[in-house]
Structure formats: structure tokens, C-alpha cells
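Residue numbers (this note's numbering): 30 to 379.
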């Protein structure tokens with residue numbers, strides 16, 4: 030989840046980001062040798078990343094080469110810059126003072142966790158993006174971001190807070206009756222697995238099975254506004270989590286979390302099953318129509334066998350089909366065949 034430092038730099042970007050400006054030169058001017066190069070690199074790294082490098086290798090080699098050329102010190106001198114001395118602590122203090130920043134405090138972490146839970150978690154679920162939002166918040170507040178391990182703890186704390194608050198709100202809207210019916214889902218053998226399963230092959234049995242699923246979900250009685258205030262991304266995340274769980278896995282969750290997971294699964298499956306039923310019905314109608322058309326075609330050909338002048342009729346059929354290749358058999362072929370005209374109601378006896 031750590032924030033990666035840009036390793037490769039185009040020449041123009043390197044110059045734009047790592048060049049020392051007037052204020053920078055004033056801070057560097059009284060330093061020499063490895064101290065001069067190390068301080069200059071720390072200064073510009075802090076400006077770019079909003080924090081100090083954790084170790085020398087974090088500083089891009091291209092930046093070391095470029096900075097060494099600016100301060101007239103050999104690039105190899107950077108290896109002699111001490112990361113454990115009192116001098117580097119003083120250098121950090123100087124740089125923080127120049128940028129008006131400070132290190133994070135324990136109280137900051139608690140405050141950030143509350144902020145993430147209330148403002149960012151309701152619309153974002155990825156830990157990586159939550160960490161990025163926290164780092165940006167640190168920049169805005171002129172505070173150095175915590176170490177990676179601390180950032181992970183803040184993000185985890187925020188997610189727990191949001192989960193607990195979100196689940197409590199869902200359970201309140203569900204009410205005892207719906208919660209009880211969701212709990213029954215876990216006690217019925219195969220009920221949860223059947224709810225998660227995709228439709229079977231196209232056919233009447235599959236249609237009826239899907240109707241049964243839909244009725245079972247509707248019988249739970251989920252309120253229409255259950256997730257009205259939640260983003261689709263958040264509901265999808267709860268649904269995906271529930272879909273990966275077995276019935277026994279739910280027992281390890283707090284009751285409110287368990288009901289929210291099941292409710293998110295049932296809520297989304299209700300819409301998915303409904304959409305699937307429309308597709309099934311459309312497929313069945315097409316299949317029935319195709320079978321009916323084939324049956325009529327067979328009857329038409331059978332009647333044609335006993336009709337005088339078959340060659341002429343066949344010629345007219347082929348010509349009509351070639352003239353209107355996109356038309357249906359009923360629209361194009363039937364009108365040019367005696368038996369077909371009878372079926373279309375257009376034939377008249379002379």
C-alpha cells in the first residue's frame with residue numbers, strides 16, 4: 030500500500046522538479062561536501078514528496094547525479110551523508126521550518142481516522158486510494174504523513190469505524206422482521222448457494238427456478254430505501270464480500286455486519302435475477318417463434334409438393350427472397366405461394 034517514489038525522470042521534468050531556487054541556495058550555501066549534497070537532496074525530496082526519504086536508496090539516482098552537478102560535489106559523496114547523526118536531525122528541523130510543517134502526532138492519527146471514516150470511506154473502498162487521500166490531507170494540513178505502517182493502521186481504523194456505523198444504519202432500516210428472515214437464509218440448506226447461483230440453461234425449468242429465487246428474495250421484505258444513501262460502489266463491495274462467504278463464515282461476523290452483508294447480497298441479486306428473467310423470457314419467446322416458423326415452413330413445403338407448376342412457384346419464391354433478403358418468410362415468401370397466400374389471408378379464388 031506504500032506510496033512509490035518516481036524512479037525514472039525525463040530531463041525536462043528532472044530540471045523542473047530538482048533545480049535549486051534562490052531560497053534553496055541560501056540554505057545550502059553554508060554547507061560543503063557530503064553534507065551539502067545530502068541536505069540539497071533532502072530539501073528537494075521533501076518538497077516533491079511531502080516527507081523525508083526513509084533511506085538513501087529512495088532518492089532517484091538521476092536526481093543524485095543532477096543535484097551533484099548543481100552543488101559541485103561528486104555524486105559518490107551522497108554515500109557518505111550520515112542518516113543517523115545529529116546533523117541530519119538538525120537538517121530536518123531546518124527544512125520543516127522552511128516549509129512550515131511538522132511531524133505527525135498521535136492525536137493526528139485519531140483525527141484522520143475519524144475524517145476518513147466520515148468523508149472518504151462512504152465513497153471509496155480501496156485501501157490504496159484511502160491511503161492516498163490521507164497523504165493529500167497531510168499536505169493540506171502541512172503535516173508530514175506518518176510512516177507506512179502507521180498509515181495502514183489509520184486506514185484500517187477508519188474502515189472499521191465506517192463499517193460499524195454503516196451496518197448499524199442498515200440494521201435500523203431493516204427492522205427485526207427482515208433481520209430474522211435474513212438469518213433464516215443461513216439455516217436453510219442450500220438456500221444461500223442457490224441464491225448466488227447463475228441461471229441454468231435456457232428452458233422452462235430454469236425460468237421457474239429463477240422465479241422461485243426472486244419470490245424468496247422478495248419475501249425477506251427489504252425496504253425500498255435500504256441503500257438509498259449509499260454509493261453503488263459501497264453496496265457492490267458488501268455484495269462481493271458476501272458472495273465469497275460460506276454460511277459458516279457469517280457466524281464469525283458481528284450481527285449488524287452479518288445482516289448488512291446478507292442484505293447487500295439479496296438487494297443486488299433481486300435486481301440481477303429480475304434482469305435475468307427478462308433475458309430468459311426473451312430467449313424462450315424467440316425459441317418458440319423459431320419453432321413455430323419452422324413448423325409452418327414444413328407444412329408449406331408439404332402442400333407445395335402437390336401443387337401444379339412447382340417450378341414456377343419455386344422460381345417466384347427464390348426471386349422474392351433475393352429481392353428482400355432481410356424480410357421474414359411470412360412477409361416475403363408466403364405472398365408468392367398459393368398455400369402461403371391462403372395462410373396470409375390474401376388469396377382469392379378466381
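Just so you know, even glycine gets a beta-carbon here, dropped at the ideal spot from N, CA and C.
Judged by DSSP in its simplified three-state form, residue 115 adopts helix. The secondary-structure analysis by DSSP pairs residue 131 across a beta bridge with 172.
Where residue 241 is concerned, the enclosing alpha helix (DSSP H) starts and stops at 233-249.
Judged by DSSP in its simplified three-state form, residue 283 adopts coil rather than helix or strand. Counting of Cβ neighbours within 10 angstroms places residue 191 among the buried residues, the total reaching 16 or more. In the structure shown, residue 364 falls within a helical segment according to DSSP collapsed to helix, strand and coil.
Cα atoms of residue 189 and residue 214: separation of roughly 26 angstroms, rounded to the nearest angstrom. Residue range 261-272 is occupied by the alpha helix (DSSP H) that includes residue 262. For residue 40, the uninterrupted alpha helix (DSSP H) run begins and ends at 40-47, by DSSP. In this structure residue 239 is buried. Its beta-carbon is surrounded by 16 or more other beta-carbon atoms within 10 angstroms. In the three-state DSSP reduction, residue 227 falls in the coil class, being neither helix nor strand.
The Cβ-Cβ distance between residue 299 and residue 246 falls below 7 angstroms.
The beta carbon of residue 168 lies closer than 7 angstroms to those of 79 in the same chain, with the five residues before and after it left out. In this structure residue 81 is not in contact with residue 96, their Cβ atoms being roughly 15 angstroms apart against a cut-off of 8 angstroms. Within a 10 Å sphere around the beta-carbon of residue 74 sit 16 or more other beta-carbons, which makes this residue buried.
Distance check between residue 194 and each of 147, 126, 162, 211 places 147 closest, using alpha-carbon atoms only. Taking 8 angstroms as the upper bound for CB-CB distance, residue 152 and residue 262 are in contact here, some 7 angstroms apart. DSSP places residue 107 in the helix class (H, G or I) of the three-state scheme.
Inter-residue distance for residue 156 and residue 234 is about 43 angstroms (C-alpha atoms, whole angstroms).
Counting the other CB atoms within 10 Å of its CB gives residue 84 a total below 16, which places it among the exposed residues. Three or more Cβ pairs closer than 8 angstroms define a contact, and the stretch 94-108 falls short of that threshold against the stretch 122-135.
With a beta-carbon spacing of about 6 angstroms, residue 163 and residue 141 fall inside the 8 angstroms limit used to define contacts.
Assigned with DSSP and collapsed to three states, residue 199 falls in helix. Counting along the chain, no alpha helix (DSSP H) covers residue 58, and no H or E run does either. Boundaries of the alpha helix (DSSP H) around residue 92: 90-100. For residue 49, the CB contacts under 7 angstroms within the same chain, skipping 5 residues up- and downstream, are 57, 69, 99 in chain order. In this structure, the straight-line span from the alpha carbon of residue 137 to that of residue 144 is close to 10 angstroms. Taken through DSSP and simplified to helix, strand or coil, residue 208 comes out as helix. With contacts defined as CB atoms closer than 7 angstroms, residue 205 and residue 172 fail to qualify as a contacting pair. Judged by DSSP in its simplified three-state form, residue 290 adopts helix.
Cβ atoms of residue 271 and residue 290 come within 8 angstroms of each other, at about 4 angstroms.
An exposed status is given to residue 311, since fewer than 16 other beta-carbon atoms sit within 10 Å of its beta-carbon.
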